[in-house]
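I have placed the structure first, in the form of structure tokens, so that the comments after it can refer back to it.
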Amino acid sequence: MKKMKLVMIGNGMAGVRTLEELLKIAPDLYDITVFGAEPHPNYNRILLSPVLAGEQTLDEIILNPISWYEENNIKLHLGKKVVDVDRRNRIVRAEDGTEESYDRLLITIGSNPFILPVPGKDLDGVIAYRDIADTNTMIEAATKYKHAVVIGGGLLGLEAANGLMLRGMQVSVVHVAPWLMERQLDETSGGLLRKSLESRGLKFLIGANTQALIGDKNGRVMAVQFKDGNEIPADLVVMAVGIRPNTELAEKIGLHCNRGIVVTDTMQTITDPRIYSVGECAAHRGIAYGLVAPLFEQGKVCATHLAEFGIGRYVGSQTSTKLKVTGIDLFSAGDFMGGEGCEEIVMSDPYGGVYKKLVIKDEQLVGACLYGDTVDGSWYFKLLRDGRKITDIRDKLMFGESNIGDTGHQGQNKAAAMADSDEVCGCNGVTKGAVCKAIKEKGLFTLEDVRKHTKASASCGSCTGLVEQLLMFTAGGDYSAAPKKKAMCGCTDHSHDEVRQAIREQKLLTIDDVYKTMAWRTPNGCSSCRPAVNYYLISTWPKEAKDDPQSRFINERSHANIQKDGTYSVIPRMWGGVTTADELRRIADAADKYKVPTIKVTGGQRIDLLGVKKEDLVDIWKDIGMPSGHAYAKALRTVKTCVGSEWCRFGTQDSTKLGMDLERAMWRMYAPHKVKFAVSGCPRNCAESGIKDVGIIGVDSGWEMYIAGNGGIKTEVAHFLVKLKTAEEVMEYTGAFCQLYREEGWYLERTVHYVNRVGLDYVKKRILDDAEGRKALWERLQFALDGEPDPWFEFDKAAVDTRQFAPVTAVS
Amino acid sequence: MSDWKTICKVDDIPVLGSRRVAREGHAAVAVFRNSENKVFALLDRCPHKGGPLSQGIVFGESVACPLHNWTIGLDDGCARAPDVGCTQKFSVKLEGDQVQLSLNELQTLGLGDFEAPADTPAPTGAA
Chain A
14 MKKMKLVMIG
24 NGMAGVRTLE
34 ELLKIAPDLY
44 DITVFGAEPH
54 PNYNRILLSP
64 VLAGEQTLDE
74 IILNPISWYE
84 ENNIKLHLGK
94 KVVDVDRRNR
104 IVRAEDGTEE
114 SYDRLLITIG
124 SNPFILPVPG
134 KDLDGVIAYR
144 DIADTNTMIE
154 AATKYKHAVV
164 IGGGLLGLEA
174 ANGLMLRGMQ
184 VSVVHVAPWL
194 MERQLDETSG
204 GLLRKSLESR
214 GLKFLIGANT
224 QALIGDKNGR
234 VMAVQFKDGN
244 EIPADLVVMA
254 VGIRPNTELA
264 EKIGLHCNRG
274 IVVTDTMQTI
284 TDPRIYSVGE
294 CAAHRGIAYG
304 LVAPLFEQGK
314 VCATHLAEFG
324 IGRYVGSQTS
334 TKLKVTGIDL
344 FSAGDFMGGE
354 GCEEIVMSDP
364 YGGVYKKLVI
374 KDEQLVGACL
384 YGDTVDGSWY
394 FKLLRDGRKI
404 TDIRDKLMFG
414 ESNIGDTGHQ
424 GQNKAAAMAD
434 SDEVCGCNGV
444 TKGAVCKAIK
454 EKGLFTLEDV
464 RKHTKASASC
474 GSCTGLVEQL
484 LMFTAGGDYS
494 AAPKKKAMCG
504 CTDHSHDEVR
514 QAIREQKLLT
524 IDDVYKTMAW
534 RTPNGCSSCR
544 PAVNYYLIST
554 WPKEAKDDPQ
564 SRFINERSHA
574 NIQKDGTYSV
584 IPRMWGGVTT
594 ADELRRIADA
604 ADKYKVPTIK
614 VTGGQRIDLL
624 GVKKEDLVDI
634 WKDIGMPSGH
644 AYAKALRTVK
654 TCVGSEWCRF
664 GTQDSTKLGM
674 DLERAMWRMY
684 APHKVKFAVS
694 GCPRNCAESG
704 IKDVGIIGVD
714 SGWEMYIAGN
724 GGIKTEVAHF
734 LVKLKTAEEV
744 MEYTGAFCQL
754 YREEGWYLER
764 TVHYVNRVGL
774 DYVKKRILDD
784 AEGRKALWER
794 LQFALDGEPD
804 PWFEFDKAAV
814 DTRQFAPVTA
824 VS
Chain B
61 MSDWKTICKV
71 DDIPVLGSRR
81 VAREGHAAVA
91 VFRNSENKVF
101 ALLDRCPHKG
111 GPLSQGIVFG
121 ESVACPLHNW
131 TIGLDDGCAR
141 APDVGCTQKF
151 SVKLEGDQVQ
161 LSLNELQTLG
171 LGDFEAPADT
181 PAPTGAA
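Chains as they are written, first to last, in this note's numbering: chain A, 14 to 825; chain B, 61 to 187.
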């Protein structure tokens, strides 16, 4: 079959990313031709500032070398500006007469700098700041001349000014607005930024209005003149007053433009469906984006349509800003100026150079502006995108959460302060140097990319915040992107919530039904979505939906924990951590009989037999004769207790008995993730109830109940939920909370993250305020658990495929 | 004498699952069955850290290693990008409902000790 022809006009980041996405999913569909006006292959435009500042070289910011185009059979016309498109005959024409015909056309020509229409704007030494040529002009000027004037104190202008100053020029920044970066910062933070840049040697003329540029006898600029008549010397003038979508060509060929080439959600121009446009030149729902993440999102959507898959729509992005001047941390997003109907929470330490402002409207975070300490930027941005009510965390909001856990990265929370050899990801042993190297060499831009390539933050995720920071420093990535709805995995565009809702409302009972009804892209999902869908089915329709063991992770299929050498560990259930001499004797005998290499007491008051062969599992369970501890499952694990009033001279309540009762009532409870309880008999809290999913603390007059604590990756202290009088009440409230989590939590979401997502107030409403609803939740849990089998003994009922415990055959 | 040795029936392998063929003194061979009843055979060792692929989740024509969730292609034994590395694959013949492997391959392929490639990341925490 003859291939179709795809021509791309423009050779920048958004366009080439679109081609990469297209080649991934439909490598043989098109003959591809690319026109680039610049004489360079695709490079990372965002990193021009570090190049100007001398922190990186031009070679380092090339994303796709010429060889990449060759390897992918892409015909590349460099240094050829396209001047016309004959849409009727579908021919593209370049300035030098080169012609190419197309079946599909992709216009990705970005934006043009806005040049102030003042006298002298065409003098030598007056440039914009947009591409490699501009950067080289500045680098060269810095070796010959002394005085530079940057017009425009926005993001780009300040980066240019900083770079020129580092190259030895005396730099003045002319800014017409009352403070710097007025579109990203408020007056206070703008002032802090100015102070910090002034201390580095930059000069500022704030509120100054440029009237003319004055040239010398050779036609080179020599001064900038202002409306008040004052002049300052200038051997180089950089205009950085803004950019405009480049629509010249599009307008010429009759494509509808309105602050950009107007495109639909499929990135097709509304005028001509054969023509697509992505990047800074495209106006989507009235917005032309200028940040990488939204543009890549556009590219992905565009590629799926070019590939004729007809799936995916681009629905817009929220964006945030970060300045790439080394040593200056600032972040802003949303409506950070506030105003009518808004409340502000402000923390200001001008001496320490830290300023944080959070803007709240209708109990939601709507804007954030951070200066000096931006580690919580991504958390605020997430809250802002999710639109979650913040009432319950209002008092802590200012102090941040950050994506950073407590452990595994040497207590660091500022990536910039770390050495290259410092470990960022303690799980996978990835250093800062390795992450930065991968980002640079492989051209990574998103957290997902970094996780795939380096495994950093791909396991426990506690270093996510650090990796995000490294991405920003190294690739110039930004916090933006991420459409509000997150797809479950690559097999579908549906979110966890949508899948749950469909299962409930359409009464879907099998994984195949879900995949068919919801138009999954893969025949049987993947190792990420299938276990989730299986859990949603059995938790939504207990006794009706059938558990599918082949959709469970090996631990839940073999009912033991797989170890690094392929052997398993066995942890029998010890109700409330209480055991008998008889049980211990059986465990000891079994350990001898099956030559168990390691016996360990766990943190959950149980005994772990490590290194058991898979073939021996069934026999060892039988010999030990204790119930499954579910230590391998996303289910109720342990209930930790202290000895309580029965023995302890301080004990006020019988915590051991309550713990055992809770465990007997709720064991075999599968959940989105593991669940741990603890019961302490007095506020000394020896069972560590403060860091459990449900923690109970006995006091003289009853029991205090705490929820959503976590002792793992990031230590999270549980929230006080309610004080109860009787053990029966504790049972009901605990069961109701667990069931709420079982019904609404996303697969692999711990209670702490579930409660963070929906808010403690919501949980209180469901569990405390709604007595009938609480009872109904508790009843639903009891219904689900009634008659549930012990998988160590009732193989048929628990759908344990016992064939797995023996080889199918043996050969010698 | 034919080189093809009958291992089991197709139905002895769970759909989207696998069974192990034990080999005296050597690593087992995993036989997989996907949802289209295609049968594949690979050395039961992930190219990453030697994890037992027979214990992984099978989907499409791939299996996810149970240790660190690498995705390995069932048809070629190779890790899907961006991970790299391959494990030994074995020929499979279906004779009616009988699954057959080559005795010669079983006796000669994938007998060495496992050595992890030098520059792979250390093992991750529990999944």
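In this text, a Cβ means the ideal position worked out from N, Cα and C, and glycines have one as well. Source: prediction; values computed, not measured.
- Residues are counted here when their Cβ sits less than 8 Å from a Cβ of chain A; for the stretch 65-89 of chain B these are LYS65, ILE67, CYS68, ASP72, ILE73, PRO74, VAL75, LEU76, GLY77, ARG79, ARG80, VAL81, ALA82, ARG83, GLU84, ALA88, given in chain order.
- In the three-state reduction of the DSSP assignment, A:TYR549 falls in the helix class, which pools H, G and I.
- For A:SER564, the three-state secondary structure derived from DSSP is helix.
- According to the DSSP assignment, A:GLY380 belongs to the beta strand (DSSP E) that extends over 377-384.
- Setting aside the 5 residues that flank it on each side, A:TYR683 is surrounded in the same chain by ALA648, each with a C-beta closer than 6 Å to its C-beta; the list follows chain order.
- The beta-carbon separation of A:MET235 and A:LEU129, rounded to 17 Å, does not stay under the 8 Å limit for a contact.
- Under the three-state reduction of DSSP, A:ALA797 is assigned to helix.
- Shown here, A:LEU129 sits in coil according to DSSP, grouped into three states, outside any helix or strand.
- Remark: three or more beta-carbon pairs, one from each stretch, lie closer than 8 Å, so the stretch 91-106 of chain A and the stretch 15-33 of chain A are flagged as touching.
- Distance from the CA atom of A:ILE122 to the CA atom of A:ARG401, rounded to whole angstroms, is 37 Å.
- Under the three-state reduction of DSSP, A:THR223 is assigned to strand.
- B:VAL118 sits away from B:ASP104, with the two beta carbons spaced by 9 Å or more.
- Distance from the Cα of B:GLY120 is smallest, within the candidate group B:THR131, B:ASN164, B:GLY110, for B:THR131.
- For the stretch 804-822 of chain A, the residues whose beta carbon sits under 9 Å from a beta carbon of chain B are, in order, ASP814, ARG816, GLN817, ALA819, PRO820, VAL821, THR822.
- Beyond the five residues adjoining it in sequence on each side, A:SER571 comes within less than 7 Å, by CB distance, of TYR581, LYS627, LEU630, GLN817 in the same chain, given in chain order.
- Against chain B, the beta carbon of A:HIS572 has no neighbour under 9 Å; the closest one sits roughly 13 Å away.
- Using a C-beta cut-off of 8 Å, the stretch 534-552 of chain A makes contact with the stretch 503-512 of chain A, since at least three inter-stretch Cβ pairs fall below that distance.
- DSSP places A:HIS766 in the uninterrupted alpha helix (DSSP H) bounded by 764-771.
- Residues of chain A whose Cβ lies closer than 7 Å to the Cβ of B:SER95 are, in chain order, PRO536, ASN537.
- Here the alpha carbon of A:ALA488 sits roughly 17 Å from the alpha carbon of A:THR332.
- Under the 10 Å beta carbon count, A:ARG30 is surrounded by 16 or more other beta carbons and is classified as buried.
- A direct Cα-Cα distance of roughly 11 Å separates A:TYR56 from A:THR70.
- If you check the CB distance, A:ALA306 and A:VAL276 do not come in under 9 Å.
- Contact annotation: B:VAL91 and B:ARG79 have beta-carbon atoms nearer than 9 Å.
- DSSP, read as helix, strand or coil, puts A:VAL139 in strand.
- In the three-state scheme derived from DSSP, where H, G and I count as helix and E and B as strand, A:CYS449 is classed as helix.
- When C-alpha distances from B:ASP72 are compared across B:SER162, B:VAL99, B:GLY85, the shortest belongs to B:VAL99.
- Per DSSP, the unbroken beta strand (DSSP E) holding A:VAL47 starts and ends at 43-49.
- With a threshold of 9 Å between beta carbons, B:PRO112 makes contact with chain A.
- B:ASN129 belongs to the set of residues whose beta carbon lies under 9 Å from a beta carbon in chain A.
- Here the stretch 40-59 of chain A lies against the stretch 144-151 of chain A, with 3 or more beta-carbon pairs under 8 Å apart.
- Under the three-state reduction of DSSP, B:LEU134 is assigned to coil, being neither helix nor strand.
- Beta-bridge pairing by DSSP links A:GLY347 to A:GLY380.
- A:LEU119 is a Cβ neighbour of A:LEU319, given a cutoff of 9 Å.
- Using a Cβ distance threshold of 9 Å, A:ALA161 and A:VAL250 count as a contacting pair.
- Taking C-beta atoms as the reference points, B:GLY111 and A:GLY579 count as a pair closer than 9 Å.
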